[in-house]
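The structure appears right after this line, and notes come after that.
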Amino acid sequence: MKELKEFTIPFVGLKLGEHRFDFNIGKVFFEHFEYEDFNDVNIDLDVLLTKKTTLLEFTLNFNGFVNVQCDITNEPYDQNIDGEFHFVVKFGETYNDENEELLILPHGSHEVNIQQYVYESIVLALPIRRIHPDVENGTMKSEILDKLEELKPKIIDDAPEEGEKTDPRWDELKKLLTDK
0 MKELKEFTIP
10 FVGLKLGEHR
20 FDFNIGKVFF
30 EHFEYEDFND
40 VNIDLDVLLT
50 KKTTLLEFTL
60 NFNGFVNVQC
70 DITNEPYDQN
80 IDGEFHFVVK
90 FGETYNDENE
100 ELLILPHGSH
110 EVNIQQYVYE
120 SIVLALPIRR
130 IHPDVENGTM
140 KSEILDKLEE
150 LKPKIIDDAP
160 EEGEKTDPRW
170 DELKKLLTDK
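FYI, numbering that gives the first Met the number 0 numbers position 124 of the sequence shown as 123, with every residue one higher than the one before it.
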């Protein structure tokens, strides 16, 4: 996959210590990854790079919203999202990104691209079930919700009403359920 240049951070020439980078992530970023679950995206990303003598520590802090479809009603809504992800960059003989929290770059590298870490952090910060807030608080009116309510399984109450005769054989069997 082609790297996005704005997420390539050159670390050669930076002094030891903390350095901050700010990004605004929109829908175009996710289109680059061919991820089409978002209708709209507005996320602020703060990257803290701590340069040490033998390694680099990255902390990605993000917050904002993504507009997604509700899993129940298919209505679009803004899902708030925030999170944090840490990873370390070390230097070795060959490139290695098998561990999600450790990236090994070849000696002599002068920049690191963080786009994959940003993408994965945001997508994994989403809830598994995406439910519109109006569905959760019961204020949404929708044809889909009405149809789901209509098709909901009915609870059948097998308890006899007062004055109704029951078969005594079943009464004896029901005692077995309550005896322990």
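Virtual Cβ for every residue (Gly too), placed ideally from N, Cα, C.
Within the DSSP secondary-structure output, residue 107 pairs in no beta bridge. In the structure shown, residue 172 adopts helical secondary structure according to DSSP, grouped into three states. In this structure, the straight-line span from the alpha carbon of residue 84 to that of residue 174 is close to 57 Å.
Contact between residue 70 and residue 60 does not hold, since their C-beta atoms are separated by about 27 Å, which reaches or exceeds 8 Å. Taking the Cβ atoms as the reference, residue 154 lies roughly 33 Å from residue 125, outside the contact range of under 8 Å. With contacts defined by Cβ atoms closer than 8 Å, residue 76 and residue 131 form a contacting pair. Taking each of 16, 72, 116, 92 in turn and checking the Cα distance to residue 143, the smallest one comes out for 72. With a contact defined as Cβ atoms closer than 8 Å, residue 3 and residue 78 miss out at about 23 Å. Per the C-alpha coordinates, the member of 36, 42, 137, 108 positioned closest to residue 8 is 108.
Burial is judged here by how many other beta carbons sit within 10 angstroms of a residue's own beta carbon; residue 42 has at least 16 and is buried.
The Cβ atoms of residue 120 and residue 63 lie no closer than 8 Å to each other.
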